[in-house]
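For the sequence shown, the positions run 371 to 757 when the numbering used here is used. Think of the CB as a built atom: it goes at the ideal place given N, C-alpha and C, for glycine as much as any other residue. Heads up: the structure comes next, in structure tokens.
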Amino acid sequence: MKVLFVDDNASVLAAFRRNMRKRFDMYTADSAEAALEILGKDGPIGIIVSDMKMPGMNGVEFLEKSIEVSPDSVRIMLTGNADQETATEAVNRGHVYRFLNKPCSVEDLVGAINDAAHQHDLMKLEHNDLQKTVAGCVKVLTDVLGMVAPFALGRGQRLKASLTPFMEVLKMKSPWQYEVAALLSSIGYTSLPSELIAKLESGEDLTGHESRIIRSVPTIGYDLVSAVPKLEKIANIIKYQRKNFDGTGYPKDERAGQSIPLGARMLRVFEDRMELEREGVSGKAAHEKMRSRAGYYDPQVLELCFKYYPDYLSTSISKEKPVHTLDLESLKPGQIVVSDIYTVSDVLLVEAGNWLTAATIQRIRNYAALEQVSGPFYVQVDEAEAH
């Protein structure tokens, strides 16, 4: 277990090294700034032991900042004046696990670090279990969306495919949240009547009442996703994806500008650009068209989008990849559908450009059992999914 000791007193750090170097994989820092550098360079570090009184940045301020760099660390504070106000501030801001009074015996410090190591292991297990639970919930939601509204799932898949490399270039933190928000951006379509979904798939004009129903889709999506633990931020992105930067749009509330979640501002740009490309408007023409919509978009996001994708957003179908002609039994999750898959009664099962999932393949098989669909099916292999 890696342990970082932070204290501005050189003799204290020397004592740490003398007594602890054979017990732990230890690091030392004589300032909060040096400690943050170590966390960024040598992390992840399981346990942080910090003094309270340090020049420049005190222990509470340092531990609060350390959460951004090393959120899974367990934090111990050494202090000579653990008054109630200091303790409350340290727990609330620095997420301190335990306090130790200075001077502290080697036995007490070793015991506290061992307890912290046990706590770290428990937190890691809980975190892994929670990740699996969240991933399972997301899979169920996308499977349901793919069965009810295949075109909506495909739109989410393409949004995710465009946003992922875009966020890598911008070095954004927690990109998985934005990816999941893109994938589930249309989850509210699961509440729509089948007749309305059919009109959306075919591109038919909507009545005024139908348009009002469509405007409620992001809020319905928010209600569905916010019920899943740890997806609250993602739910908010989905809720505000149709909100304009100037505060107009939906939902009708006081949010505007930077107070709109960044993920929602990104979806607003990428969704509208994708729709223009579906209509045959791309590159400079799409850029000019979107610039003309005063107040709709975050200007910085809009410009970065066209800087990174000057011609087209990411497309799953590639001219460089061979097209495979497969029968039903050869279809596998992750393959990219090159040609729309319809039933004999014109029900769209999978739209071209979508990635096959286990659920969509099962849906195709169910229709095939009723002799409503048959191969061959034309797909490309997604190398990322294959490996």
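Exposure of Arg648, with buried meaning 16 or more beta-carbon neighbours within 10 Å: exposed
Residue environment, Ala384, which counts as buried when at least 16 other CB atoms sit within 10 Å: exposed
Option in Leu698, Val550, Arg387 and Ser709 with minimal Cα separation from Glu741: Leu698
Cβ-based burial, Asp668 [other Cβ within 10 Å; buried from 16]: buried
Rounded C-alpha distance that separates Ser443 from Gly416: 5 Å
Distance between Met447 and Lys423 (C-alpha atoms, nearest Å): 10 Å
His465 (DSSP reduced to helix, strand or coil): coil
Sequence-distant residues of the same chain with beta carbon closer than 8 Å to Ser556, five excluded per side: Leu515, Ala519, Ala522, Leu523, Arg525, Gly526, Val587 and Gly591
Whole-Å CB distance - Val419 paired with Phe375, under 8 Å assumed: 5 Å
Between the CA atoms of Ala487 and Arg625 - distance to the nearest angstrom: 43 Å
Helix, strand or coil at Arg612 according to DSSP, with G and I counted as helix: coil
Contact belief for Arg388 with Met396 at Cβ below 8 Å, rounded distance in angstroms: Their Cβ separation, rounded to whole angstroms, is 11 Å, which puts Arg388 and Met396 out of contact at 8 Å.
Neighbour-count burial assignment, Val510, 16 or more Cβ in a 10 Å radius: exposed
Distance, Pro545 Cα to Val476 Cα: 42 Å
Nearest candidate by alpha-carbon position, reference Leu674, set Ala738, Glu538, His465 and Ala605: Glu538
Alpha-carbon spacing of Lys472 relative to Asn379, whole angstroms: 13 Å
Assumed close pair Lys659, Val651 - CB separation to whole angstroms, cut-off 8 Å: 6 Å
DSSP state of Gln489 mapped onto helix, strand, coil: helix
Under the three-state DSSP convention, the category Gln750 falls into: strand
Backbone CA spacing between Ser572 and Val373 [nearest angstrom]: 60 Å
Unbroken beta strand (DSSP E) run spanning Lys372, endpoints: Lys372 to Val376
Environment of Thr577 [buried if 16+ CB atoms lie within 10 Å]: exposed
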